[in-house]
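Structure, as structure tokens:
There are 2 protein chains.
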Amino acid sequence: MATMIVTGAGSGLGKALTHRLVADGHRVAMMGRSPEKLSALAESLGDRVLPISVDLSDPQAVHQAFDYAEAWGGAPQWVVHCAGLGHFGALSGQGDDAIQSMLTSNLHSTIWVGREVVRRWGHHEMVLANVLSSAAQAGKAHEAVYCATKWGMRGFLESMRAELKGQPLRLVNLYPSGIRSAFWAGSDHVDSSGFMAPEEAAEYLVDALSAKSSCYVTEMSIGRY
Amino acid sequence: MATMIVTGAGSGLGKALTHRLVADGHRVAMMGRSPEKLSALAESLGDRVLPISVDLSDPQAVHQAFDYAEAWGGAPQWVVHCAGLGHFGALSGQGDDAIQSMLTSNLHSTIWVGREVVRRWGHHEMVLANVLSSAAQAGKAHEAVYCATKWGMRGFLESMRAELKGQPLRLVNLYPSGIRSAFWAGSDHVDSSGFMAPEEAAEYLVDALSAKSSCYVTEMSIGRY
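From first to last, the protein sequence lines stand for chains A and B.
The first sequence maps to residues 1 to 225 in the working numbering.
The second sequence maps to residues 1001 to 1225 in the working numbering.
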């Protein structure tokens, strides 16, 4: 039994991962934007989970949320940053709010969470896993700002990896392609019906994040048929 | 004689490029954060330049600045986005303001300028050149957030390139390593005395951005000895 922190726990991959971790006997501090989604999860999962409603694009709020999680469960074994959102379409048609929300929810949040974990637990044996996207691995038409945030995450995390070399904190970068979830609600540039099931992606994650004595997964891409 | 827009024109590479373009007979709309630096340049360069003091991290301000530049000089032949800043050091010690200013000055500004150019001149034969950095090409210890912004720029621009395929707007990504300039003032993690001269980097830029009939430079890295 360990304690974990999962961000973006209210839906999609974060929710599936939370279910799986609780089923495996762990406790999960669930961070997310929507108190309603987190409460619904907490009702079904009981006292193994702690719902923490937080805006991860605000560094002070991130600090307080991690205080709360640590007071409840101590230093976590894994921090899995799944939170993120996307708005797609031609760049010329993207509005200020859509662009700002992708920048803050995807990239800024990753920086605040990463800095928080390093400040708090930089010398602990634990995992900081970040869910990027195949959009971090190529430029994609109609996803310019989304790609900017995911490439930015990758540059940040690769730099953290260089900086943390020799320290016990393990960084894992995950690059799933499209996952079937509410992420795609309101998006008409893709048909998400053939996308991967979040529960199956969560299974790969749990396997990849589990510690071995002499090695660990640093990056994993998950594709679909 | 053509009109150009140069951002970050008040110092470093942007300033050197502005001098060179004016010497070549062009007119330059100079955008920058510091009215003092721009005024000083305008005094020495005369009516060939238009100083435009603007915060490029604000999309509305970007729109107004480009209105002003277009009213003065029409559609430019080149837009060269040199603006940017850096704060370096261990991630755990980086403050909120330093992080926010890098995100907004480097990455957000690139997105607002890119969107503005596509909306305004997406079907024109012209150049949008962006000055990234070798920090867009690798992860670097003590530069985690700076790398995040530069990798983010690259993801954005590679996506724009995919989206604009077949259109006449030419995107050029420039990756200089350290340039000798005020950029490094207050930074003690590097010795910038051996860095490249901004005037010499500007010479490469002018050569690379100049049009040929059957091909154009899409990316150029500039190293130092």
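Where is the CB? At the ideal position from N, CA and C, for every residue including glycine.
Identification of chain B residues near ASP96(A) by a Cβ-Cβ cut-off of 9 Å yields PRO1059, GLN1060, TRP1112, ordered along the chain.
Using a Cβ-Cβ cut-off of 7 Å, ARG154(A) is close to TRP1151 of chain B, given in chain order. Membership of SER1177(B) in any alpha helix (DSSP H) is not indicated, and neither H nor E is assigned to it by DSSP. Less than 8 Å separates the beta-carbon of TRP1078(B) from that of LEU1209(B). Contact between TYR146(A) and MET102(A) holds: their C-beta atoms lie close to 6 Å from each other, under 8 Å.
Boundaries of the alpha helix (DSSP H) around SER1159(B): 1144-1163. When Cβ-Cβ separations below 8 Å define contact, VAL145(A) makes contact with chain B.
ALA1208(B) has no beta-bridge partner at all, per DSSP. In the DSSP assignment, ARG1027(B) falls within the unbroken beta strand (DSSP E) covering 1027-1032. Interface residue (Cβ-Cβ distance to chain B less than 8 Å): ALA162(A) is classified as such.
The beta-carbon distance between HIS1063(B) and GLU1116(B), rounded to whole angstroms, is 6 Å. This is short enough to meet the 8 Å contact definition. Counting only Cβ-Cβ distances below 8 Å, SER210(A) has no contacts in chain B at all, with the closest Cβ about 25 Å away. Short of 6 Å from the beta carbon of GLY1014(B), and not among the five residues preceding or following it, lie these beta carbons of its own chain, in chain order: VAL1006, GLY1008, CYS1082. Shown here, SER1053(B) sits in a strand according to DSSP, grouped into three states. Take the alpha-carbon of GLN1100(B) and the one of SER1057(B): they are about 11 Å apart. Take the alpha-carbon of ILE111(A) and the one of ALA1029(B): they are about 34 Å apart. Fewer than three beta-carbon pairs drawn from the segment 45-52 of chain A and the segment 153-172 of chain A are found closer than 8 Å, and the two stretches are therefore not classed as touching. In this structure, GLU1199(B) and ALA1023(B) do not form a Cβ contact; the two beta carbons are roughly 11 Å apart against a cut-off of 8 Å. For HIS142(A), the residues of chain B that pass the 7 Å Cβ criterion are GLU1163, in the order they occur in the chain. Counting along the chain, ALA1129(B) sits inside the beta strand (DSSP E) bounded by residues 1127-1131. If you look at VAL1006(B), you'll find it in the beta strand (DSSP E) that goes 1003-1007. In the three-state scheme derived from DSSP, where H, G and I count as helix and E and B as strand, VAL1080(B) is classed as strand.
In this structure ALA211(A) is exposed. Its beta-carbon is surrounded by fewer than 16 other beta-carbon atoms within 10 angstroms. The CB of SER159(A) comes closer than 7 Å to the CB of GLY1139, LYS1140, ALA1141, GLU1143, ALA1144, CYS1147 in chain B, given here in chain order.
Taking one beta carbon from each stretch, the segment 1091-1100 of chain B and the segment 123-137 of chain A have fewer than 3 pairs nearer than 8 Å; the two do not touch. LEU1171(B) is bridged by DSSP to LEU1128(B). Residue range 219-222 is occupied by the beta strand (DSSP E) that includes MET220(A).
Contacts between VAL1118(B) and chain A, judged by CB atoms closer than 7 Å, involve LEU91, SER92 in chain order. Per DSSP, MET102(A) has no beta-bridge partner at all. With respect to chain A, the C-beta atom of ILE1099(B) has a partner C-beta closer than 8 Å.
Closer than 8 Å to the CB of LEU107(A) there is at least one CB belonging to chain B. Within its own chain, the residues whose Cβ lies closer than 6 Å to the Cβ of GLY86(A), once the five positions on either side in sequence are excluded, are TYR146, listed in chain order. When the Cα atoms are used, MET1(A) and ALA69(A) turn out to be separated by approximately 16 Å.
Linking GLN1060(B) to GLU1219(B) through their CA atoms gives a straight-line distance of about 29 Å. Interface flag for ARG1170(B) against chain A is unset, since no Cβ pair is found closer than 8 Å.
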